[in-house]
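Worksheet: the structure to be examined is printed underneath.
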Amino acid sequence: MSEQDWDQYLLETQAIRAGHQRSHEDEHSMPIFATSSYVFKSAEEASLRFTGQQPGNIYSRFTNPTVNAFQQRLALMEKGERCLAFSSGMAAIMAVGMGLLKAGDHVLCSRSVFGNTVLMFQNYFGKFGVETDFVSLTDLSAWEKAIKPNTRFLFLETPSNPLIEIADIAALAEIAHKNNTLLIVDNVFCTPALQKPLTLGADLVVHSATKYIDGHGRCVGGAVVGSDELIEQQIYPFLRTGGATMSPFNAWVFLSGLETLSIRMKAHCDNAFELAKWLEQQPGVENVYYPGLSNHPQHELAKQQQTHFGGVVSFEVKGDKQQAWELIDSTQLLSITANLGDVKTTITHPATTTHGRLTPEVRAKAGIKDNLVRISVGLENVEDVKQDLAVLCG
Ligand SMILES: *Cc1c(COP(=O)(O)O)cnc(C)c1O
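Laid out in C-alpha cells, this is it:
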C-alpha cells in the first residue's frame, strides 16, 4: 500500500500497519536494516540516487528502511506530510533551529518549555545572533505583543511541565499566521494519540520519542513532523549534513512503541485522572494540577483540544521542600527519576532537579514552588500507586 492509501485508516490501524514495506523475504514484522550503505546496480544509478533524480537508499545517515518506516508511520499518525527522525528530542529541536533560523532572526518561546530547549535557543542559537524572548504559555495577548517583524517562529509545549497548563493551539496558530510567522508545538506530553497540533493549525510538531513513543524507558530518539515544503526544503538538508541520525535499532523499538501507543495513553490517562482525584482528597496535599479536574483553569480547553487529559499529575504537599522530599523518599514502589512517559510510575521534585538550574526568582515566576511534586503515572495498578503515597493520607 502507498503512503496515500494509509490516510483512509484510523490512528490505531496506522500505528500497527503503516510504514513497513515488506522485503523479498516476506517477513511479517519490521526487520532492523543494520547497514550503513547500499549497493547501486550501476555507476549511473549511483549518480541518479545522489542527485535525487531517483528515489532510494544511499547512506544510513539520511536513508534507512527501518528509520523510514518509523518516519512514515509517525507522519500519518500526526497527520503531517513528512516526518524526519533524529537521535534525540533535543537533536530534533536543534535541527528545526538550524534549518529555519539565520542570524538576525527572532524566536518567541513559551516560558514553560523543557529546560534544554531554553538553553538551546538562548545559549546556542543566541551565540549566532538569534534572539529569543520568553512569554507566558497561556497569555494570548502576551504572545501577540511580543511578535516582531523578524520573528521566525513561536515555540511551545502543551500541556506544560510541571504545572500542566494548556495552550490554545488553534488561537496561537492564527496569531502566528496573521503575523507571517510559524507555530511549532512540542507534542511530547500528549502524543498524536491525544492531540494532533497540525490539524489545529501548527506548522511543525517536534517529539522526544524517548518518552511515551518508546513508553518503556529504553531508547533516546526524536522526530519532526510537518509539511513536505518545510521538512524537505528546510530541515532535511540539515539532517543529511549534520547527521544527528536515529539508529535503525532505536527506530525498530519506537515502531513497536507506536503500535501500543493509543492503548497505553488511554491507560496512563485513566490512572492519572484517578490519582489526581484521590490526591485532591488527601489531607497532606495542598493543590493538584491536572487538566481533567474541573477547577483546572484550562479544563474546558483541554476537553476540546485533547481526547484525554494526559498521564502527568503535579501537586503541592502541605509544607515545603522538606515535606516534598520526605514524601518522595517514603515511596517504595515509585521510581525517583525525572524521566516520564514510562510504564513505570516516576516521581520527581522539579525545584531541585529539572528546574534546579533556574534562579529562585525565575522559578517563582514560573510558579514552581519548593513543595511541588510531579508524578508521571505509569501502568501499574493505580491502587498500588496510591498505597505508595500513603503518607499523604494524614
Ligand atoms: C525529554 C523532552 C525533550 C527532549 O528529548 P530528549 O529525547 O531527551 O532529547 C523535549 N521536550 C520535552 C517536552 C521533553 O519531555
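Just so we're aligned: 372 in our numbering is position 154 of the sequence shown, and the numbers increase by one with no gaps anywhere. Ideal Cβ placement from N, Cα and C applies to all residues, glycine included. Note that the structure is a prediction, hence the values are computed from the model and not measured.
Residue i and residue j closer than 8 Å at C-beta
i, j, result
"A462", "M338", "no"
"G613", "V609", "Given that the chain is displayed from residue 219 to residue 612, the structure contains no residue 613 and the question cannot be resolved."
"L355", "S328", "yes"
"G510", "K562", "no"
"I593", "P568", "no"
"V325", "V353", "no"
"L576", "S532", "no"
"T409", "L302", "no"
"S306", "G475", "no"
"A233", "P466", "no"
"R370", "L422", "no"
"V530", "A490", "yes"
"I365", "T376", "no"
Exposed unless 16 or more other CB atoms sit within 10 angstroms - verdict on residue i
i, result
"H672", "Only positions 219 to 612 of the chain appear in this structure, which leaves residue 672 out of reach."
"T417", "exposed"
"A236", "buried"
"G528", "buried"
"G433", "buried"
"E296", "buried"
"K429", "buried"
"A231", "Note that residue 231 is Thr in the sequence shown, not Ala. Exposed, since its Cβ has fewer than 16 Cβ neighbours within 10 Å."
"V600", "buried"
"V257", "exposed"
"H238", "buried"
"S512", "exposed"
"F373", "buried"
"D602", "exposed"
"E383", "buried"
"C437", "buried"
Residue interval of the alpha helix (DSSP H) (run including residue i)
i, result
"A427", "Counting along the chain, A427 falls outside any alpha helix (DSSP H), and DSSP gives it neither H nor E."
"A582", "P578 to K583"
"Y454", "Y454 to G460"
"E601", "V600 to D606"
"R300", "From DSSP, R300 is part of no alpha helix (DSSP H) but of the beta strand (DSSP E) over R300 to F304."
"V336", "G333 to L337"
"D488", "L479 to Q499"
"G440", "No alpha helix (DSSP H) holds G440; the beta strand (DSSP E) holding it covers G440 to G444."
Local conformation of residue i per DSSP, three classes
i, result
"C408", "coil"
"I593", "strand"
"V471", "helix"
"E243", "coil"
"D538", "coil"
"T570", "helix"
"L266", "helix"
"S512", "coil"
"L400", "strand"
Where the beta strand (DSSP E) through residue i begins and ends
i, result
"S328", "H324 to S328"
"R370", "T369 to E375"
"F352", "E349 to V353"
"N275", "Where N275 is concerned, there is no enclosing beta strand (DSSP E), given that its DSSP letter is neither H nor E."
"V506", "V503 to Y507"
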